[in-house]
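K.L.:
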Amino acid sequence: MKKTQDFISNNQQRFLDELFELLRIPSVSADPANKSDVQSAAELVAKHLKEAGADEVEICQTAGHPIVYGEKIIDPKLPTVLVYGHYDVQPADPIELWDSPAFEPIIKKTDIHPDGAIFARGACDDKGQVFMHIKAFEAMSKNGELPCNAKFMIEGEEEVGSPNLAIFIKEQKERLAADIILVSDTGIIANDVPSITTGLRGLSYVEVEVTGPNRDLHSGLYGGAVANPINVLSDMIGQLQDDKHKITIPGFYDKVEVLTEEERNEMARAPYDEEEYKASIKINAVQGEEGYTTRERSSIRPTLDVNGIWGGYIGEGAKTVLPSKAFAKISMRLVPHQDPDEITELFKQYFESIAPESVTVKVNPHHGGLPAVTPIDSKGYIAASNAMEKTFGKKPIPLRSGGSIPIVALFEQVLGLKTVLMGFGLNSDAIHSPNEHYGLFNFYKGIETIPYFYEEFANLNK
Ligand code: BES
Ligand code: MN
Ligand code: MN
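As numbered in the working numbering, residues 329 to 790 make up the sequence shown, in order.
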């Protein structure tokens with residue numbers, strides 16, 4: 329990998345300039361107004377894959393946003409690495425909270441990133457991390473040092489639940505045949521504490537609507553005698569958790585995987601500082617399910633959170649109104665072996681059952697996803713661990729993450745393939761938030777580490 333690594337060192341500035349061009353495209357998958365931007369981002373990813381040495385690069389149109397596919401088969405006898413990532417991004421809102429425009433990438437130094445970080449929507453999630461793979465591949469293929477066959481599947485709908493990728497992988501099973509799926513869309517504990525994500529939570533996401541009277545009412549004339557949907561909704565949300573922060577939906581915990589004392593002790597060995605945690609997000613106290621640590625609450629335990637709540641008058645000044653309707657978006661993060669469809673149904677039944685007679689409620693399910701785990705004795709995990717040990721000088725710690733990448737469970741179900749989650753972001757990188765950024769250290773460390781993954785994986789499969 330000598331030539332590959334020299335090539336990477338000699339092309340650092342170009343890699344960054346090229347990533348900046350991709351970051352300037354506002355490929356927000358959720359907003360129909362950005363449809364052509366999403367298409368442009370797909371075209372740019374395809375162009376880079378081609379230039380990096382991939383054959384058969386194709387922009388696969390779907391009922392939604394396109395999937396970019398490319399591959400380089402050097403020898404059918406060698407193992408095949410299938411790289412998955414996404415070029416779509418979350419909306420930049422609230423834009424007024426960005427210190428510099430979301431789609432005008434710039435480098436700024438921070439306490440955590442003294443060498444500088446790239447500030448832009450998608451810098452870390454996931455354009456910057458996808459780009460590491462394309463550039464690592466370019467370095468290996470242009471220097472004749474590609475140790476495995478490589479396939480790329482970069483989608484444009486991850487942030488909206490991958491509705492069309494699920495169909496694509498069912499239709500393209502043969503084309504996607506591989507030995508391992510490699511994904512960089514997660515993070516490490518810190519730049520001097522490497523880790524590999526061994527689990528992702530699943531997701532059940534619903535929108536609820538509570539309707540009272542058939543129209544907005546004068547809150548003086550009717551208030552006190554007619555149920556206010558916002559008051560009712562708040563009360564119903566309050567009933568979804570008890571005072572120990574346990575979720576009260578009957579059957580919710582029935583299938584939750586129970587970790588052994590040994591597994592929990594193992595988890596507790598990963599470095600973690602609660603004071604630092606609180607300080608990093610400026611809270612005075614943590615809060616969560618009784619009997620579990622902060623780490624456990626945010627990885628191996630399921631949750632229920634209101635993501636948004638609205639209704640009534642929220643404009644300037646005061647308007648006296650008793651609104652007709654109230655709404656909320658509620659997500660439940662799931663752990664092995666909870667099933668999102670089952671949980672959504674349990675939520676619906678319970679939510680309807682606690683509604684007072686004075687209102688009607690509707691529960692509309694959104695996208696969901698299954699949890700996933702990667703065993704640490706798999707070839708993929710070992711290859712990632714060895715590669716990171718080489719570049720960080722330390723053995724990475726296996727760690728379950730609280731986030732979700734729902735398609736990972738489908739990769740296993742449909743393609744029969746395990747996924748290695750070798751991401752390089754930090755929790756403090758503000759993904760999905762204003763001022764998202766990605767460390768230059770992390771970007772280059774990723775590009776340096778990926779070729780060693782290929783090398784290690786090829787050796788383990790000899
Ligand atoms: N890359 C994230 C998920 C992630 C980030 C996992 C960091 C672990 C560590 C992904 O793009 C994402 O945002 N997923 C969504 C779910 C999706 C269905 C919108 C999430 O977790 O909220
Ligand atoms: Mn992502
Ligand atoms: Mn995301």
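Cβ atoms here follow ideal geometry from the backbone N, Cα and C, with glycine treated the same way.
What first and last residue would you give for the alpha helix (DSSP H) that runs through K455?
P.N.:
Taken as a continuous stretch (DSSP letters only), the alpha helix (DSSP H) holding K455 covers 455-470.
K.L.:
Could you check if H665 belongs to the surroundings of ligand 3, using beta carbon to heavy atom distance under 7 Å?
P.N.:
No, Cβ of H665 sits at least 7 Å from all heavy atoms of ligand 3.
K.L.:
Counting only runs that start and end within the segment 624-680, where is the beta strand (DSSP E) found for 3 or more residues in a row?
P.N.:
List check, beta strand (DSSP E) in window: 633-639, 653-662.
K.L.:
Would you mind listing the alpha helix (DSSP H) stretches within the segment 568-603 that are 4+ residues and don't spill past its ends, in chain order?
P.N.:
Counting only runs of 4 or more, we get 589-596.
K.L.:
Tell me whether the beta-carbon of P651 lies closer than 8 Å to the beta-carbon of I565.
P.N.:
Not closer than 8 Å, so no.
K.L.:
Scan the segment 715-789 and note each continuous beta strand (DSSP E) run of 3 residues or more that stays entirely inside, going in chain order.
P.N.:
Those beta strand (DSSP E) runs which fall completely within the segment 715-789 and span 3+ residues are 725-728, 747-749, 765-767.
K.L.:
Going along the chain, which residues of its own chain have a beta-carbon closer than 6 Å to the beta-carbon of A555, five neighbours each way excluded?
P.N.:
Result list for A555: G540, S686, V687, in chain order.
K.L.:
State yes or no: is the C-beta of S532 nearer than 7 Å to some heavy atom of ligand 1?
P.N.:
S532 Cβ: outside cutoff for every heavy atom of ligand 1.
K.L.:
Restricting to Cα atoms, I'd like to know which of E740, S713, E784 is closest to G751.
P.N.:
For the residues E740, S713, E784, the minimum Cα distance to G751 belongs to S713.
K.L.:
Which one of D359, P762, S756, D570 has the shortest CA to CA distance from T438?
P.N.:
Of D359, P762, S756, D570, the residue nearest in Cα terms is S756.
K.L.:
With 16 other CB atoms within 10 Å as the buried threshold, where does A358 fall?
P.N.:
With fewer than 16 Cβ atoms within 10 Å of its Cβ, A358 is classed as exposed.
K.L.:
How close, in whole Å, do the beta carbons of N492 and A374 come, if the pair is a contact with beta carbons under 8 Å?
P.N.:
Actually they do not touch by this definition, with Cβ atoms about 17 Å apart.
K.L.:
If you run the structure through DSSP and keep just helix, strand and coil, what is S686?
P.N.:
Coil at S686, not helix or strand.
K.L.:
So, is G696 buried or exposed, given that buried needs 16 or more other C-beta atoms within 10 angstroms?
P.N.:
The residue is buried, with at least 16 neighbouring Cβ atoms inside 10 Å.
K.L.:
Any heavy atom of ligand 2 inside 7 Å of the beta-carbon of E486?
P.N.:
Answer for E486: yes, Cβ within range of ligand 2.
K.L.:
Between I443 and F769, which are expected to be in contact by the criterion C-beta below 8 Å, what is the C-beta distance as a whole number of angstroms?
P.N.:
Rather than Ile, the amino acid found at residue 443 in this sequence is Asp. Yes, D443 and F769 are in contact; Cβ-Cβ is about 5 Å, under 8 Å.
K.L.:
Quick check: what's the CA-CA separation for H414 versus G645?
P.N.:
Near 42 Å, if we compare the C-alpha coordinates of G645 and H414.
K.L.:
Check for me: the alpha helix (DSSP H) holding T332 runs from which residue to which?
P.N.:
First-last of the alpha helix (DSSP H) with T332: 330-338.
K.L.:
Using three-state DSSP, classify F480 as helix, strand or coil.
P.N.:
Note: F480 maps to strand in three-state DSSP.
K.L.:
By Cβ distance below 7 Å, which residues in the same chain neighbour K331 in space, the five residues on each side in sequence not counted?
P.N.:
Cβ neighbours of K331 beyond the five flanking positions: N471, E473.
K.L.:
Report the partner residues of D383 according to the DSSP bridge assignment.
P.N.:
D383 pairs with E399.
K.L.:
Might you give, ordered along the chain, the residues of its own chain that have their beta carbon closer than 6 Å to the beta carbon of F343, omitting 5 neighbours on each side?
P.N.:
Excluding sequence neighbours, F343 sits near K463.
K.L.:
E537 bridges to which residues according to DSSP?
P.N.:
Looking at the DSSP assignment, E537 forms a beta bridge with F655, K690.
K.L.:
When the Cα atoms are used, what is the spatial distance from A711 to A518?
P.N.:
Approximately 20 Å, taken between the alpha carbons.
K.L.:
Taking 7 Å as the cut-off, is the C-beta of T526 nearer than that to any heavy atom in ligand 1?
P.N.:
No, Cβ of T526 sits at least 7 Å from all heavy atoms of ligand 1.
K.L.:
Per DSSP, A445 is paired with what?
P.N.:
DSSP output for A445 lists K436, G767 as bridge partner(s).
K.L.:
Which residues does DSSP pair with I524 in a beta bridge?
P.N.:
Answer is P726, bridged to I524.
K.L.:
Can we count H695 as close to ligand 5, meaning its CB is less than 7 Å from some heavy atom?
P.N.:
In terms of ligand content, the structure shown lacks ligand 5 and carries ligand 1, ligand 2 and ligand 3 instead.
K.L.:
Determine the contact status of H694 and E535, defining contact as a CB-CB distance below 8 Å.
P.N.:
Yes, the Cβ-Cβ distance between H694 and E535 is below 8 Å.
K.L.:
Along the chain, where does the beta strand (DSSP E) that runs through L510 open and close?
P.N.:
Note, L510: beta strand (DSSP E), 508-511.
K.L.:
Do P762 and Y678 have their beta-carbon atoms positioned less than 8 Å apart in this structure?
P.N.:
No. Outside cutoff.
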